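Have a look at the structure below, then the notes.
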């Protein structure tokens, strides 16, 4: 049985995954965010948060 995690935990896992993927992948950030959204089942608000988070990092 799958464990249900709070959305904030999923967003944290997505950020970690994207950071690791940026180092090893040549995909653009937007593609990595889309992949993370599907992988971690994120909603539109979480995707917008990820976009803002990574744009502020650059």
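Numbering (my numbering), first residue to last: 369 to 426.
Where is the CB? At the ideal position from N, CA and C, for every residue including glycine.
As the structure is a prediction and not an experimental result, all values here were calculated from the model.
Cα-Cα separation, residue i to residue j
i, j, result
"residue 421", "residue 395", "18 Å"
"residue 411", "residue 392", "25 Å"
"residue 387", "residue 406", "16 Å"
Inter-residue CB distance, residue i and residue j (contact presumed, cutoff 8 Å)
i, j, result
"residue 417", "residue 381", "Not confirmed; about 13 Å, so no contact."
"residue 389", "residue 414", "Not a contact, Cβ separation roughly 17 Å."
Residue i vs residue j beta-carbon contact at 8 Å
i, j, result
"residue 404", "residue 385", "yes"
Best match in the options for proximity to residue i [C-alpha to C-alpha]
i, options, result
"residue 425", "376, 379, 378 and 383", "383"
"residue 401", "377, 419 and 391", "419"
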